[in-house]
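Asks: Residue numbers (my numbering): 194 to 360.
Glycine residues also receive a C-beta, built at the ideal position from the N, C-alpha and C atoms.
This one's a predicted model, so the numbers in the text were calculated from it and none came from an experiment.
Please read through the structure below; I'll follow up with questions.
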Amino acid sequence: MMDLPIAAVLYAPGDPVHEVLKAFVARLQGDGVDIHGVLQDPAPERGIDAVDIHTGRRTPILRPTDYELDNKVCSLKPSKLTEAGASLRRALDGGAELVVVEKFGKSEKDGEGLADDLLAVMAEGIPTVVSVPVADREAWSAFTGGMGVAVSCEAEALMAWWRRVRP
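Following this line, the structure appears as structure tokens:
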């Protein structure tokens with residue numbers, strides 16, 4: 194079985210996964226690495242935007258209404274998540290040295306959201322980093338067929354992984 198350059202950044206509630214991924218991306222971009230993918234960022238008012246790492250374009254993927262907040266209803270917009278996946282699809286067009294995705298969530302566990310795009314990127318052998326909640330480690334392993342490695346939620350652990358797999 195081929196060993197693919199896949200890293201699952203395992204994180205628990207309260208871990209600074211967003212900050213770790215953001216710092217990792219900024220450091221590598223500063224070194225001239227061509228990175229594609231999406232990071233999640235708080236929306237200006239409330240909700241979450243998917244931010245295209247390569248272009249900086251923001252896509253509103255979560256905009257909860259008062260009703261959804263009060264009743265704990267998920268307000269994730271699947272069509273917007275698919276739109277945000279354009280960064281992963283562009284990575285397949287060539288040139289991408291790394292893909293980073295925050296996060297492997299319920300949609301991906303269900304084979305939706307960014308699942309197809311992630312699998313396509315990983316199948317091409319493009320080094321891929323995905324944040325994965327510790328509670329979803331088994332689902333991630335099933336999704337990847339057990340490929341890749343788990344990396345702790347620390348910038349230096351990610352850098353060590355990158356040094357091992359950099360093309």
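From L311 to R256, what distance separates their C-alpha atoms?
Replies: CA-to-CA, the gap between L311 and R256 works out to about 24 Å.
Asks: Restricting to Cα atoms, I'd like to know which of L307, M352, E349 is closest to K273.
Replies: L307
Asks: Take V202 as the anchor and find which of G339, P326, M340 has the nearest alpha-carbon.
Replies: P326
Asks: May I ask you to verify whether the region 288-297 touches the region 321-340, counting CB pairs closer than 8 Å and requiring at least 3?
Replies: The region 288-297 is in contact with the region 321-340.
Asks: According to DSSP, what are the bridge partners of D224?
Replies: According to DSSP, which records beta bridges pairwise, D224 is partnered with nothing at all.
Asks: Please classify V314 as buried or exposed, where buried requires at least 16 neighbouring CB atoms within 10 angstroms.
Replies: Under this definition V314 is a buried residue.
Asks: Quick check: what's the CA-CA separation for H211 versus L197?
Replies: 24 Å
Asks: For H229 versus S280, is the C-beta distance shorter than 8 Å?
Replies: yes
Asks: Which residue from V213, R330, Y260 puts its Cα closest to that of E347?
Replies: Of the candidates V213, R330, Y260, the residue whose Cα lies closest to the Cα of E347 is V213.
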